[in-house]
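For reference, the structure discussed in these notes is given below.
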Amino acid sequence: MYVPAESGYASNLRTYYGVPQWHRENHHNFYHGDNYEHIEHVEMYTQRVMDWIHKNDKFDMETINVLGNIIQGNADSVDKKFYGSLDKLYRYIVNEGHHYGSGHESFPGLFMHYDTSLRDPIFYEVYKTLVSHYWHLMETYPEYKKKDYTFEGVKIDGVHMPESLTTYFEYFDSDISNAVNVETSVEGATDPLYLFGRNSHYKGASYVIKARQQRLNHKPFEFTLDVSADKAQDAVVKVFIGPKYDEHGHAIPLEYNYQNFFELEHFKVHLEAGVNHIKRASGDFSFWVNDRTTYLELYQKLMDATNSEYKFKLDQSEAHCGVPNRMMLPRGKKGGQMFQFFYMVFPYHQPEVAQFTGYDPVVSCGVGHGSRYVDALPFGFPFNRPVKHDYYFDVHNFKFVDVKIFHRDEHTNVV
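For the sequence shown, the working numbering begins at 1261 and goes up steadily by one.
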């Protein structure tokens, strides 16, 4: 906050009414008159959050939820007035001191909109700061011991997956027909949807307007785990990906690398006594979703069903929420970049509420149901607490696999 931000940003976005979003130069200084009060509040609330962390004497998952509510400053915060909302204050600061929705000077910038704030590089700097409070809390928790990782009678005998994976950029054409004005406005029109709902027509003719952009994607892959078990039992499989080397080409010790592992998959399996072969394709990974069917595609299917023998499926259900499947892998390098896949087989512990109980994952994210969880393990386990002794990970049910990710300069049109 006191040091100029290195990363500038120009979105080239405009509002629906043509007002351009302001840009930020490199080395921009946020420490100015409009932000003095916000910065003081950030320092004050940060100290209060740190005091709460170090006074905490509970080491359960609920404590993490309490901390998250405090940082966000939502309705479930234990004391919203005392702890404020660090999330909101940082957005005020990046928004150059203009409050959201208070007066004629309060035009919200990109950082005040949750969807567009993800475009700004500084978003990830801010959220790394917010997430650091979680890691401060985790440093007060006892370290996992080797016995906490062990799965008696179960061993990963082998992992079969490609030695290299591939990422690439694809051209994607987005249908923006309903977001661009084509028809001229009619003076005196009172229908608020006049400009928004009929944009794909002009003088009686239909128009399709598309915007082309490059998007990161990857070639599909799959893995197979050879797992031996001494008896039949339920288990869970978790898959993570993390870096292998730092920017200088030195291997990163796990004690300094555990925060960089990202969870790709988490699913329940049933192990039979003897050797089990657990196969999983990247397209079947949980909480990763395909692109939604566009309005134009749905319209074309409907017209085909009306004018031909094409059978329109009544069930057009799609995932209500999730992370785009194409963003699963980090961008590789032309000569390949080494990453680590981490595989874990662990005992299954029934969650407090059975998964998918009380809601349909197709139409809801399940927020508030308490039934979104595969099992009772904390999110990110076993990397959710500081790793001070990497040899604790030397257990039969854990396995690290080195994989190179290449990036190819090839383009595929997806319409």
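All C-beta atoms, glycine included, are put in the ideal place defined by N, C-alpha and C.
Just so we're clear, the structure is a prediction, and the values are computed from it rather than from any experiment.
Residue burial classification, residue i (beta-carbon count within 10 angstroms, cutoff 16)
i: Tyr1305; result: buried
i: Asn1657; result: buried
i: Val1655; result: buried
i: Ile1436; result: exposed
i: Thr1275; result: exposed
i: Leu1425; result: buried
i: Gln1610; result: exposed
i: Asp1669; result: exposed
i: Val1263; result: exposed
i: Gly1628; result: exposed
i: Arg1284; result: buried
i: Leu1273; result: exposed
i: Tyr1384; result: exposed
i: Arg1472; result: exposed
i: Ser1542; result: buried
i: Leu1574; result: exposed
i: Val1338; result: exposed
i: Val1279; result: exposed
i: Lys1470; result: exposed
i: Tyr1454; result: At Tyr1454 the pLDDT is 49, less than 50, meaning the model places this residue with poor confidence and gives no usable figure here.
i: Lys1659; result: buried
i: Tyr1431; result: exposed
i: His1649; result: exposed
Residues bridged to residue i [DSSP beta-bridge criterion]
i: Pro1584; result: Val1549
i: Lys1504; result: For Lys1504, which the question treats as bridged, DSSP gives no partner whatsoever.
i: Val1535; result: Ser1488
i: Phe1666; result: Thr1426, Lys1593
i: Gly1328; result: None; Gly1328 has no bridge partner.
i: Val1661; result: Phe1601
i: Ile1209; result: Examination of residue 1209 is not possible in this model, given that the chain is present from 1261 through 1675 alone.
i: Ala1579; result: Bridge partners of Ala1579: none, in fact.
i: Glu1523; result: Phe1500
i: Val1529; result: Ala1495
i: Arg1274; result: Pro1280
i: Phe1606; result: Val1496
i: Glu1482; result: Ala1541
i: Ala1265; result: His1288
Member of the options whose CA lies at the smallest distance from the CA of residue i
i: Asp1380; options: His1287, Glu1507, Ser1271; result: Ser1271
i: Gln1576; options: Tyr1619, Ala1511, Glu1569, Lys1561; result: Lys1561
i: Ser1488; options: His1537, Phe1432, Tyr1652; result: His1537
i: Glu1578; options: Ala1565, His1667, Val1549; result: Val1549
i: Ala1495; options: Ile1416, Asp1650, Glu1403, Ile1330; result: Ile1416
i: Met1604; options: Val1647, Phe1641, Gly1543; result: Phe1641
i: Phe1551; options: Phe1572, Asp1433, Phe1522; result: The question names Phe, but residue 1551 is Asp in the sequence shown. With distances taken between Cα atoms, Asp1551 lies closest to Asp1433.
i: His1667; options: Phe1616, Arg1632, Lys1593, Ser1631; result: Lys1593
i: Ala1511; options: Asp1662, Ser1631, Lys1539; result: Asp1662
i: Tyr1516; options: Asp1408, Arg1645, Gly1413; result: Arg1645
i: Phe1522; options: Thr1617, Phe1342, Phe1602, Val1326; result: Phe1602
i: Phe1547; options: Asn1316, Ala1533, Gly1582, Lys1571; result: Gly1582
i: Lys1664; options: Val1326, Phe1616, Glu1322, Pro1590; result: Pro1590
i: Met1310; options: Glu1322, Asn1567, Leu1327, Glu1297; result: Leu1327
Residue i and residue j closer than 9 Å at C-beta
i: Ile1501; j: Leu1531; result: no
i: Ile1324; j: His1396; result: no
i: Phe1643; j: Tyr1518; result: yes
i: Val1634; j: Lys1528; result: yes
i: Pro1638; j: Phe1411; result: no
i: Thr1484; j: Val1535; result: no
i: Ala1265; j: Asn1289; result: yes
i: Val1354; j: Ile1331; result: no
i: Thr1427; j: Phe1319; result: no
i: Tyr1652; j: Tyr1404; result: yes
i: His1287; j: Gly1268; result: yes
i: Pro1422; j: Phe1481; result: yes
Residue i at chain D interface by Cβ criterion, 9 Å
i: Phe1547; result: The chain inventory of the structure shown lacks chain D, comprising one protein chain alone.
* To do: Please determine if the region 1547-1566 and the region 1492-1511 are in contact, where contact requires at least 3 C-beta pairs separated by less than 8 Å.
  => no
* To do: Determine, using beta-carbon pairs with one atom in the region 1345-1356 and one in the region 1375-1395, whether at least three such pairs fall under 8 Å.
  => yes
* When the Cβ atoms of the region 1469-1482 are set against those of the region 1579-1587, are three or more pairs found closer than 8 Å? -> yes
* To do: Count the CB pairs spanning the region 1370-1377 and the region 1622-1631 that are closer than 8 Å, and state whether there are at least three.
  => no
* **the region 1503-1512 contacting the region 1589-1603, beta-carbon criterion three pairs below 8 Å** => yes
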